[in-house]
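As given, the protein sequences belong to chains Z and H, one line each in that order. Note that this note's numbering has the first sequence beginning at 1, numbered continuously upward. Note that this note's numbering has the second sequence beginning at 1, numbered continuously upward. Ideal Cβ placement from N, Cα and C applies to all residues, glycine included.
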Amino acid sequence: MNLMKKLTGILLLAVLPVCAFAQNVTVKGQVKDDAGEPLMLVNILELGTSNGTVTDLDGNYTLTVASNSTLQFSFMGYQSRDEAVNGRTTINVTLSEDAELIDEVVVIGYGTQRKSDLSGAVASIRATDLKDRSVTNAAAAIQGKVSGIQVLNYSGAPGQGSQIRVRGYSSNSGNIGPLLIVDGLQVDNIQYLDPSMIESMEILKDAASAAIYGARAGNGVVLITTKRGSDKGMGNITYDFKLTHQSLAKKPGVMNREQFIEFKKMQGYDIDSELANNGDDGKIDTDWASELFEPSYVKQHSLTFQGGNQQGRFFMSLNYLNNNGIVVGDKDVYKRISAQINADYKIKNWLSIGTNNSIERWETRSVSHMSETSSVLMAAIQNDPLTPIYFKDKSEFTQGMTDTYNNLNPEFADLKANGLDGSELIMKAEDGRYYAVSKYVDNDHGSPFIQLARNNQTQSGVSVRGTAFLDFNPIKDLIFTSRLGYRISFSNNHNYSDPFYANPMSKAVEYSLSASANTGLYYQWENFFNYNKTIGRNTVSAMAGMSFIENRSDNVNGSATGKSILPDYAENFRFLSFVTTSANKSFGNAPGVSTSLAYFGRLVYSYDNRYNVQANFRADAFDSSKLSAQNRWGYFPSFSAAWTISNESFIKDNISREALSSLKLRASWGRNGNVNVLNNYAYSTSISKGSNWYEYGIDHNGADYELVYGSKPSGLANPSLKWETSDQIDIGLDARFLGDRLSVSVDWYKKLTKDLLVSINPVPEIGVASTTVNGGDILNKGFDVELGWRDRVGDLGYSVNTNFSTLKNEVTYLDPTISRILSGGYYVSQIRTAFEVGNPIWYMYGYKMDRIAQETEYKKNADGSFALDGGGNKIVLYNAGDPVLHDFNGDGIISEEDRTNIGQGMPKLTYGLTVSLDYKDFDFTLFGTGVAGNSIFPVLFRTDRPYNNTLDYYRANSWTPENTGAILPNAAAVKNSPQFWASDANVFKGNFFKFKQIQLGYTLPKAMLRKVSISNMRVYVSFDDFITITKYPGLDPETATTTSAQQLGIDLGTYPTSKKAVFGVNVTF
Amino acid sequence: MCAAVLFVSACEDKLDIPQKGVITYEDFYQTDDDAESALAAAYDIFAQNIARPQGEYIICPYIALFNLPGDDVYAAGEFYGDNDFAGQINEFRFDANTQLVTSMYKGFYQMIYGANLVIDNFKDGTTAVQKRCVAEARVMRAWAHMMLAIGWRCPPLVDQVLEGSAKPTNYGNNDHASHLELLKWCADEALAVMGDLRERASKNDTKGTTYITKGFAQYVAGKALISAGDWTGAKAALKPLVTSSKYELVPGARIRETFHLSGEGNEEIIFAANVCNNPAISTWGGKMQKTIWMHMDIWGWRTDHMAGKPASVQGGWGGLGVRQDFADAFVANDGYGSARRQAWIKKFDPEILYEMAYTTDGDMTLDEKKKSADRGIKSYLYGQSEYLMYKRLADADEYADNPHTLNSLVARLAEAYLLYAEACARTNDNDGLQYLNAIQNRAGSQTVSGTLTLDAVKTEKRFEMFLEGCRFPDLVRWSWQDNDKTVFNGLINSGKNVPQLYDQFFQATDDKGVSNQPRTTKTDTHVIYVVMQQPNQGEVGFKAGKHEYFPYPGAAVMAINPNMKQNPGW
């Protein structure tokens, strides 16, 4: 309820002229809600005048009014009430909650619309949904809250932004995120926005709604409105504090010592000899994950000032966040200080101005993960349990370490000459102990602690973003808005690494030092008219405008590498300024600029609150780096209509509002684009000057010779290149029943994206190996469903909201010159992701295991007789326990052509559930989200590194003569089989349900707080990300993926989401 | 509002943003410098595509595709099926999608594209520089078309830069007559620009072997006309070349250097794609891309199967074997002691075993060497007869010192001599005899012809041009020029009867060879012996009516270009 009060901030009352005068009377009273709680800041207006007031903290008010007047009591979120004074001096009022918020206003791009008038599919999230979450960025906060949206938390690392997907995956490129607009400003990320600063988020899901953003809207649009000050009563000050204790939620299911040794025996390795040869003491059982992670704290402070009157409002919020992640030490840190300063002022009745600004200072350090090499996280999974964390002394060194320590390693001879002793190459902890590496395997990481210790990368920056606007209201019903948006950003990266030796695979023979400075200046200028006219039952609104955007960037970077790059390597020398002249240096800079221009318009007509039709149109043009002058314009129309059936007399007259409160049918069609795929003059061919060379003359024979640099076209021009285009149909139904207690919203959509950019090989006679064409289509279809129930039984208020979205994604066309596009590969595994007609995008392309052979099977001839080899012996096809992979092309050999679709990284179902309870001063929230229908493919088994650790699942489920019903084959039979390890036997269900938030809050009694001048105080505890229901044996199933859109669901060891116990206080003064 | 309207009208200009770091197509191809730069790019493309067409980095398709189908070599390796990309070609198991066929086909057209960029943009050039650049590009384009015609019969003639949507078609009527026409077009192109080309300054002008000269144009014209069966035309084209003082056969003692670093730019070379050792170019900055360093690895002797290796030799994967029948005929023709035989192929016993120097030699006597476990064949050498290839074997010194800068040889004088001699032999013109004899004498061969006969030229060419991409195309051409299908006899069983070389000192094998009995006891001294294998019971070997020409690439051409017709039999 307190939060409902916050919503008063957006209530704007019409200013009406004073035109009546009568005998005055002073009226007092108290305003309460249904529960009997006093309501503060309720707006009380003497109707027909501008005379009014608001209730105080206890819901009391005093107002002198004409004795025959009528008072209007209104409060956002409650049904307004009119009371005739009739000479009374005490008027107590109870306001009822306006459960359905029927006239909620939603932001739709260059304007707003009543939710009841919407004809497109717009998901809306209010500040209440974002309240007291431990997530630190706006994108993460909407996960599970609305249908049709997928939020991908690629990683649990501090400062790792979340990605939003609106209605599926519409591009073969990585450019599949929605357009992000904050207070009208187009932004490149929303990680800087603390959820507490957000008033509302709207997601334009269907193309008709998004079409007003044209060529950028093909992946949906997210509109965010930050909070504004309340224009009523005294201002207030709010302080929020959150202390989060975070720890590893789920240990990876890797093998311990006993399991590891057993598995090596099952695989047929002579582990006993290995143990003996390496001086194993029979005790070491290192649990790398437990050692690598430790609980840590996140601190968040938020201080907000807001206030205003009918002329002007201000909102200022300061946020501080310090998250030192759960990896031991201070190498995974995200710090952010941000401020939001919003203000607006009505200077004249016909002119308002305002500005919204956000200032952010951030700093990140991150540990390496999602990689097969030099990865802290992969090391924690793959390092064997037989290796300790530390070697006590040199006597325990591996041979390679000893040789290096003793300057016998020839790779470091040059370094020795430069004064670096071999002993300095062996990495030590601060307490002087040496980091241990495995004697059993030279893996690519050495030790997670070595990788951690070597990480010296820092990133930091400052961003200022904002808008300034002017609303000009020259005549009634018409508003002209001119809005200037800007973004200014600076960021710096620094990195330093020195030579080291862990093992032959994990080492560095050179120093490396790099730094970069990046600046960005972006501005957009938008000018548009909004016109609204109601004549009788007809309402027409129109909007038309233009937008111009210019985005400039300037990045300077430099690096030095080599065996000797600095006069000294102490920390205070590790800057490029001190690099020696002999170091191998490189640097880069090329300022960039991009521009775009657009015209847009909207027409809405509604009749009698029953029929609503809407048309949007946008024309977009982009600069010559994206498209040629001839092709730069694109046109994006859309149409939508809504029919509010419940307002028809045949419903009104026959069905009670208690049974059916509202019923609306919506339909829309629209076209959007995705211009982000076009960059760097892809359509044109220029001359790559000096990119080739040829030498005339034989130089090493001492004859005269002449090196000539050659120039040729950079490729094959494709002037007809264009952006991706999506056409989407949406049909939706919104209904509320049982006195608004039950609400249902269902949408079905079908979105076809055409003209994906693909690289093809033209006919070879042209002489150019490849060129880019528009040559692919993707179809996304699905249902978005939202169901809500809310009611109050005595003092207990409760609500249950659930939403789910289905997604069927399919590639429907690919240029006939390509059968499929394969993603990049991995060191050993033959698993790939592929883009191919008839399959979901970037599905997992691997082998299919039919069964496990249970006895020796022999090759047979066509006639059924046994085939014999030259010696007259039967030819063995399979031994018992061998995997039988499916031979799709039937050539008798399992080869790369026998790979098929064995899973998809993208979920077919995404869902969320929120349960809220309030009882007297207590409130409780349970919120969870989940996915189903997706697969995870762990690339955590290395056939070429037998002594790497891996998931214990592989041991526990392997076929043995005693366990013939096992789901995995004989471990010995597949230990060297890259094919088996790229088969569906290694595909895991990615289904999970995660309890994101279990929160209990208590609002302290106001009477008590009043004595210390506090108007409201709430304390809460929350258990976030505490429980995950999953069958995946790796780390967190939610983050078991790479960030690449092309390799979704491929688990290369990702920083997992931590579980968090949050303690929080909100105080309002 | 007014400002907004004004601003909008000015906005569209702001969309024009020039690209950085490039110049436009329209601004290039103007000056003499541009012409030289475009030509350098064409040579760069040429050099890359002769060494590593399409980025092939394991084996060089240009060398593999035109040599491996010959009746003089085996595709060898560690075991049967090792380096199967080579085995497929050697045993005629390839098909339209075989990588090497596709890569080479694409590679030739990329060379043509590079040349066409020069020709299209400077064909109306008036300066001497521009004319010369166009002339060199036209000869380069003619050579690529000639090799395409030799390989694929009637491939498309691409005489200008094509549009991205182009779907070219086979040359002419896609028949034998059109094949000859295309070859004649190549010759005409080469001869047409003779006046604009540079001439090699002298036989000591090494630089003059790194670009296209009059001499190379004459070679292209002569080879194209011989391939087309125009003997008179060929003689006319080649006569100035064979009589030129700018070229000379190297003496027999230096005969092997032409294929090695030490012989780069020597008096015999007409044209080789240059790979420089210039310090301005980084190893992977376009240098390695023009080298055949991995190919040299593949063709290196399989020294890891040997107990020791001669010090001068760079080991490798043992990817090429010398056919025993070829070696026998070679020795019979030249005599065992000829300089050419010693430079081209080495007999394992005694040359490799005892005569070449090993680092372990010390003061060892021959008898000690015979009992030494530091030499000989430890396991076996698959695909090797008693003779190992030596002609194009990487030497340790050039490999260790500079494995990556060996130039790709395109043409040398000896081939021009033999082409001229053949044209003379076919026209009863005794002028050719001197050139045949020059080759024979230089080789130190015991066979020196007294009269010029076609057979003598053919025999001489078989040995002289070993591993220079001539043998298989010659057999194909002779089959119709002389109406003699027996030329293919040596290919019908390619892939059957593959030797495996053993040393009884290390290995007593019970392998059931074809021609040899099992040897069951080890010997005290090195005894080298061959066991013949039948590694593939499936369909292998040359099929007349099909294998004369390579197939057009299946996926890369036939699947996407309805205008192309596949070659007969494929």
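Looking only at its own chain, which residues have a Cβ that is under 8 Å from the Cβ of residue i, when we skip the five neighbours before and after it?
{"i": "glutamine 440 (chain H)", "result": "Thr447, Val448, Ser449, Glu460"}
{"i": "proline 562 (chain H)", "result": "Lys167"}
{"i": "aspartate 374 (chain H)", "result": "Ala307, Gly308, Tyr358, Thr360"}
Sorted by chain position, which residues of the same chain lie with C-beta nearer than 6 Å to residue i's C-beta, five sequence neighbours on each side aside?
{"i": "phenylalanine 315 (chain Z)", "result": "Lys227, Arg228, Gly229, Gln306, Asn342"}
{"i": "serine 1072 (chain Z)", "result": "Chain Z is shown from 1 up to 1069; residue 1072 (chain Z) falls before or after that span and cannot be answered."}
{"i": "glutamate 83 (chain Z)", "result": "Leu71, Ile91"}
{"i": "glycine 282 (chain Z)", "result": "none"}
Can you tell which of the options has the C-alpha that lies nearest to the C-alpha of residue i?
{"i": "tyrosine 105 (chain H)", "options": "H:His145, H:Ala237, H:Thr486", "result": "H:His145"}
{"i": "arginine 141 (chain H)", "options": "H:Ala42, H:Ala253, H:Pro69", "result": "H:Ala42"}
{"i": "glutamine 246 (chain Z)", "options": "Z:Tyr947, Z:Ile818, Z:Lys1059", "result": "Z:Lys1059"}
{"i": "lysine 81 (chain H)", "options": "H:Asn563, H:Glu91, H:Asp72", "result": "A small correction: the amino acid at residue 81 (chain H) is glycine; lysine does not occupy that position in the sequence shown. Of H:Asn563, H:Glu91, H:Asp72, the residue nearest in Cα terms is H:Glu91."}
{"i": "glycine 1053 (chain Z)", "options": "Z:Ile778, Z:Val604, Z:Ser684, Z:Met370", "result": "Z:Met370"}
{"i": "valine 129 (chain H)", "options": "H:Glu415, H:Leu197, H:Asp474", "result": "H:Leu197"}
Does any residue of chain Z have a CB that is nearer than 8 Å to the CB of residue i?
{"i": "leucine 162 (chain H)", "result": "yes"}
{"i": "lysine 378 (chain H)", "result": "no"}
{"i": "leucine 182 (chain H)", "result": "no"}
{"i": "serine 178 (chain H)", "result": "no"}
{"i": "threonine 24 (chain H)", "result": "yes"}
{"i": "asparagine 483 (chain H)", "result": "no"}
{"i": "tyrosine 171 (chain H)", "result": "no"}
{"i": "tyrosine 113 (chain H)", "result": "yes"}
{"i": "alanine 40 (chain H)", "result": "yes"}
So, at 7 Å on beta carbons, what are the nonlocal neighbours of residue i in its own chain, with the 5 sequence-adjacent residues on each side left out?
{"i": "aspartate 623 (chain Z)", "result": "Ser594, Thr595, Ser596"}
{"i": "phenylalanine 259 (chain H)", "result": "Lys391, Arg392, Leu409"}
{"i": "glutamate 104 (chain Z)", "result": "Lys115"}
Report yes or no: is there a C-beta of chain H within less than 8 Å of the C-beta of residue i?
{"i": "glycine 710 (chain Z)", "result": "yes"}
{"i": "asparagine 692 (chain Z)", "result": "yes"}
{"i": "phenylalanine 587 (chain Z)", "result": "no"}
{"i": "leucine 275 (chain Z)", "result": "no"}
{"i": "asparagine 761 (chain Z)", "result": "yes"}
{"i": "asparagine 718 (chain Z)", "result": "yes"}
{"i": "tyrosine 681 (chain Z)", "result": "yes"}
{"i": "threonine 467 (chain Z)", "result": "no"}
{"i": "arginine 632 (chain Z)", "result": "yes"}
Would you grab the beta carbon distance between residue i and residue j for me? Rounded to a whole angstrom, and I think it's under 8 Å.
{"i": "glycine 529 (chain Z)", "j": "phenylalanine 480 (chain Z)", "result": "For the record, residue 529 (chain Z) in the displayed sequence is phenylalanine; it is not glycine. Yes, phenylalanine 529 (chain Z) and phenylalanine 480 (chain Z) are in contact; Cβ-Cβ is about 5 Å, under 8 Å."}
{"i": "serine 173 (chain Z)", "j": "valine 708 (chain Z)", "result": "Actually they do not touch by this definition, with Cβ atoms about 38 Å apart."}
{"i": "aspartate 1096 (chain Z)", "j": "serine 96 (chain Z)", "result": "Because chain Z here runs from 1 to 1069, residue 1096 (chain Z) falls outside it and cannot be looked at."}
{"i": "glutamine 272 (chain H)", "j": "threonine 206 (chain H)", "result": "Position check: residue 272 (chain H) holds alanine in this sequence, whereas glutamine was assumed. About 10 Å separates the two Cβ atoms, so there is no contact after all."}
{"i": "isoleucine 270 (chain H)", "j": "alanine 416 (chain H)", "result": "7 Å"}
Quick check: is any heavy atom of the ligand NAP less than 7 Å from the C-beta of residue i?
{"i": "alanine 560 (chain Z)", "result": "Absent from the structure shown: the ligand NAP. Ligands present: none."}
Report task. Within the segment 342 to 391 of chain H, note down every full beta strand (DSSP E) run reaching 3 residues or more, in order along the chain. Result -> 345 to 347, 387 to 389
Report task. Quick one: which unbroken beta strand (DSSP E) runs of 3-plus residues sit fully inside the segment 881 to 921 of chain Z? Chain order, please. Result -> 883 to 885, 900 to 903, 909 to 919
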